[in-house]
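As structure tokens, the structure follows; a few thoughts come after it.
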Amino acid sequence: MAERSTAAVDVADNSGDEPLTAKAEKATADGAAQTRERDTAADEDGAETDKPESRGTTSPPELHSGHKLARRYRLEECVTRLDGFSSWRAVDEKLRRAVGVHLLPADHPRARSVLAAARSSALLGDPRFVQVLDAVEENDLVYVVHEWLPDATELTAVLAAGPLEAHEAYQLVSQVSQAMAAAHREGLAHLRLTPGAVLRTSTGQYRIRGLAVNAALRGIESDTPQRTDTEAIGALLYAALTQRWPYEDDAYGLSGLPKDVGLIAPDQVRAGVHRGLSELAMRALVNDGATASRQDPPCTTPEELVKAIGEMPRIRPPEPAFTAPPEYQRTSYQQGAYNRPAAHLGATQPVVPPPPPLQSRTGRALKWAVSALLIAALGLGSWQLADALMDRENSGDSDGTTQTNGGGDKNQPRPKKPISIEDAREYVVKGPAQSPESVGNTYDKDSSSLWRTKTFNDGPEIAPYKPGVGIVYDLGSAQDVSDASIALKYGGSHTTATLYAADSLTPSTGIDSMKKIGGVTTSDTTAKISAKKPVKSRYVLLWLTALPNSGPDGYYRAGYKQAITDVRFKG
Numbered sequence: 001m002a003e004r005s006t007a008a009v010d011v012a013d014n015s016g017d018e019p020l021t022a023k024a025e026k027a028t029a030d031g032a033a034q035t036r037e038r039d040t041a042a043d044e045d046g047a048e049t050d051k052p053e054s055r056g057t058t059s060p061p062e063l064h065s066g067h068k069l070a071r072r073y074r075l076e077e078c079v080t081r082l083d084g085f086s087s088w089r090a091v092d093e094k095l096r097r098a099v100g101v102h103l104l105p106a107d108h109p110r111a112r113s114v115l116a117a118a119r120s121s122a123l124l125g126d127p128r129f130v131q132v133l134d135a136v137e138e139n140d141l142v143y144v145v146h147e148w149l150p151d152a153t154e155l156t157a158v159l160a161a162g163p164l165e166a167h168e169a170y171q172l173v174s175q176v177s178q179a180m181a182a183a184h185r186e187g188l189a190h191l192r193l194t195p196g197a198v199l200r201t202s203t204g205q206y207r208i209r210g211l212a213v214n215a216a217l218r219g220i221e222s223d224t225p226q227r228t229d230t231e232a233i234g235a236l237l238y239a240a241l242t243q244r245w246p247y248e249d250d251a252y253g254l255s256g257l258p259k260d261v262g263l264i265a266p267d268q269v270r271a272g273v274h275r276g277l278s279e280l281a282m283r284a285l286v287n288d289g290a291t292a293s294r295q296d297p298p299c300t301t302p303e304e305l306v307k308a309i310g311e312m313p314r315i316r317p318p319e320p321a322f323t324a325p326p327e328y329q330r331t332s333y334q335q336g337a338y339n340r341p342a343a344h345l346g347a348t349q350p351v352v353p354p355p356p357p358l359q360s361r362t363g364r365a366l367k368w369a370v371s372a373l374l375i376a377a378l379g380l381g382s383w384q385l386a387d388a389l390m391d392r393e394n395s396g397d398s399d400g401t402t403q404t405n406g407g408g409d410k411n412q413p414r415p416k417k418p419i420s421i422e423d424a425r426e427y428v429v430k431g432p433a434q435s436p437e438s439v440g441n442t443y444d445k446d447s448s449s450l451w452r453t454k455t456f457n458d459g460p461e462i463a464p465y466k467p468g469v470g471i472v473y474d475l476g477s478a479q480d481v482s483d484a485s486i487a488l489k490y491g492g493s494h495t496t497a498t499l500y501a502a503d504s505l506t507p508s509t510g511i512d513s514m515k516k517i518g519g520v521t522t523s524d525t526t527a528k529i530s531a532k533k534p535v536k537s538r539y540v541l542l543w544l545t546a547l548p549n550s551g552p553d554g555y556y557r558a559g560y561k562q563a564i565t566d567v568r569f570k571g
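Using full-length UniProt numbering, you'd call the opening residue of the sequence shown number 1 and step up by one each time.
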């Protein structure tokens, strides 16, 4: 049921070999699509030196642009050369797409571990990670081929422009935490989760590259991999909120904290930082007693971090800035200057007064003619109105009844009123959640934002994989719910949606015990549900049990899937 990406992405970073818990990584920018730096074993001053390699160290293979691997992958540009391995931007001539390639000699001491890490990462198949496409040992070479995303930007480059606003930082920590929690459930760790390993695509999604492989290339290990990755996520959030690295040493193009101050909260580093996100970053940065003075316990695993994020109030996206239209500028033609020479700068132009309107003999005759027509039209209209009223009065007297149309008819149905939504939460019965962090997009009055399901192989009915997927909405108080309008992203045969009255945002009863409000099956991009009788409830469950089949979009593959952009209730 996992989704696979068919896009392309960048190569591994080269910003140092120590794990994040060492706190002292000297920064060189990761090899990125935006700013690529070649690592040629330079010394601390940046000058290249010819240092003899120690005995037992394997030199990187001597390859050049244009070299082909497996008669398929043509090397284009070397973006990293470090510690016996090199990373390249290449072209897959068979599929005609850009890819990234890591290369190292087959007798390199870490070649076996790199192959094992690449093959384990490829089995995960999670679209939130850059996918490993091939891992091969051939002709005394070991190479790993992976995606290349030409439209993605490293978090390093994003933070170089300034800190992220609260909603964007919330999206970053939510998406990265959920992705790493899924990886650890499969026994995979990253151990090199730096700003250069996180990419933001043109659609605003975050992708993680180098899962297990980056650490294997550098021989990095950890006795506490979950804690290492969680602390790394905390450092990413800290940097996103403050544009500072949460340690004393500068790293990844970011300034470190002042000396001898220790780890201070992000909201003490920069004014206006979201308080909840600031506390979340400190709970993830568990080293040096960062949470000792706080009541909330530290987060030591990505799963705990995901749970802590879920307990936070939802952070809404910023309101779009309103730009006042420019003042109306009269054209030169309207100003009476058409076909006249341009005025000299600094010269005062005389204002030509307009001619008096209709002062000629023809103009006066035209005014009298128009006035006469208006008077005739008013007289004709009055006569027709009086005639119609007389006919209505006569017809009413003839049968002894009088027809009245007023608001006093109690049998007329009252117009239905919109019901506001206060909160919402994804309802999960079986298996993993779909996209809990984007539930608020279904009622934020922004048709461009959405909540989407995973992609299923079979359908339209998604059982037996899941009995259904859905969202519980909080209406703030008990309301008479009679109608629902649901805007969908995908049309086709077919989508089945049903409304139920729930007892809370996290219902304690199953679907069979809930009262059904109404349901519909549609092949359109709009689903309208009407109840036979209004049902009074504060919590309403929107439950999807069948999804249409649609092609690939973004990094979501083709299959049975659906997305909701807008939900509205009436009662």
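For glycine and all other residues, C-beta sits at the position ideal for the given N, C-alpha and C.
{"Check": "Where the beta strand (DSSP E) through Glu147 begins and ends", "Outcome": "Leu141 to Glu147"}
{"Check": "Backbone CA spacing between Ser204 and Ile315 [nearest angstrom]", "Outcome": "In the sequence on display, residue 204 carries Gly and not Ser. So the two alpha carbons sit approximately 16 Å from each other."}
{"Check": "Integer-rounded CB distance, given that Gly256 should sit under 8 Å from Asp267", "Outcome": "That pair is no contact at about 18 Å."}
{"Check": "Beta-carbon gap between Val101 and Ala117 smaller than 8 Å", "Outcome": "no"}
{"Check": "Reduced DSSP category for Arg200 - H, G, I as helix; E, B as strand; rest coil", "Outcome": "strand"}
{"Check": "Meets three-Cβ-pair contact criterion under 8 Å: the segment 465-473 and the segment 541-548", "Outcome": "yes"}
{"Check": "Short Cβ contact (8 Å threshold) for Leu285 with Pro313", "Outcome": "no"}
{"Check": "Nearest-angstrom Cβ-Cβ length linking Asp566 and Ala487, presumed shorter than 8 Å", "Outcome": "4 Å"}
{"Check": "Counted within 10 angstroms of its Cβ, other Cβ atoms place Ser86 as buried (16 or more) or exposed", "Outcome": "buried"}
{"Check": "Beta-carbon spacing of Arg209, Leu199 below 8 Å", "Outcome": "yes"}
{"Check": "Beta-carbon separation (whole angstroms), Val114 vs Val144, contact threshold 8 Å", "Outcome": "7 Å"}
{"Check": "Rounded C-alpha distance that separates Tyr252 from Asp126", "Outcome": "27 Å"}
{"Check": "Element boundaries [alpha helix (DSSP H), containing Gln268]", "Outcome": "Pro266 to Val269"}
{"Check": "Residue burial classification, residue 575 (beta-carbon count within 10 angstroms, cutoff 16)", "Outcome": "Because the chain in this structure spans residues 1 to 571, residue 575 falls outside the shown range and cannot be described."}
{"Check": "Chain-order list of residues whose beta-carbon lies under 8 Å from that of Gly492 (same chain, five-residue window excluded)", "Outcome": "Ser523, Pro548, Asn549 and Ser550"}
{"Check": "Per-residue burial, Ile375 [other beta carbons within 10 Å of its own, 16 or more giving buried]", "Outcome": "exposed"}
{"Check": "For Leu75, the three-state DSSP class (helix, strand or coil)", "Outcome": "strand"}
{"Check": "Which of helix, strand or coil DSSP assigns to Arg112", "Outcome": "helix"}
{"Check": "Three-state class that DSSP yields for Val428 in the structure shown", "Outcome": "coil"}
{"Check": "Cβ shell of Leu305 (< 7 Å), same chain only, five flanking positions each side left out", "Outcome": "Ser177, Thr230, Ile233, Ala284 and Cys299"}
{"Check": "Pick from Arg112, Cys78, Tyr73 and Pro109 that is closest to Glu93, judged by C-alpha positions", "Outcome": "Tyr73"}
{"Check": "Buried/exposed call for Thr156, threshold 16 Cβ in 10 Å", "Outcome": "buried"}
{"Check": "Secondary structure of Trp88, DSSP reduced to three states", "Outcome": "strand"}
{"Check": "Cβ neighbours of Lys51 in the same chain (closer than 6 Å, five flanking residues each side left out)", "Outcome": "Bear in mind that the predicted position of Lys51 carries a pLDDT of just 37, short of 50, making it too unreliable to give a figure here."}
{"Check": "Nonlocal neighbours in the same chain, by C-beta distance under 6 Å from Pro195, ignoring five residues either side", "Outcome": "Leu155, Thr156 and Tyr252"}
{"Check": "Close-in-space but distant-in-sequence residues of the same chain around Leu133 (CB under 7 Å, 5 per side omitted)", "Outcome": "Val99, Val145, His146 and Glu147"}
{"Check": "Beta bridge counterpart(s) of His102 as assigned by DSSP", "Outcome": "Ser87 and Val144"}
{"Check": "Straight-line gap, Ser120 to Val213 (C-alpha atoms, nearest Å)", "Outcome": "9 Å"}
{"Check": "With 16 other Cβ atoms within 10 Å as the buried cut-off, status of Val261", "Outcome": "exposed"}
{"Check": "Proximity to Thr506 [Cα-Cα], best of Gly310, Ala152, Cys78 and Val535", "Outcome": "Gly310"}
{"Check": "Minimum C-alpha distance to Arg568 - residue among Tyr556, Leu475 and Val520", "Outcome": "Leu475"}
{"Check": "Chain-order list of residues whose beta-carbon lies under 6 Å from that of Gln434 (same chain, five-residue window excluded)", "Outcome": "Thr453, Lys454 and Val469"}
{"Check": "Lys489, enclosing beta strand (DSSP E) - first and last residue", "Outcome": "Per DSSP, Lys489 belongs to no beta strand (DSSP E) and is neither H nor E."}
{"Check": "Sub-8 Å separation of Lys536 and Ala478 beta-carbons", "Outcome": "yes"}
{"Check": "Neighbour flag for Glu303 against chain D, beta carbons, 8 Å", "Outcome": "The structure shown has no chain D; it contains just one protein chain."}
{"Check": "Rounded straight-line distance, which links the Cα of Gly66 to that of Glu77", "Outcome": "9 Å"}
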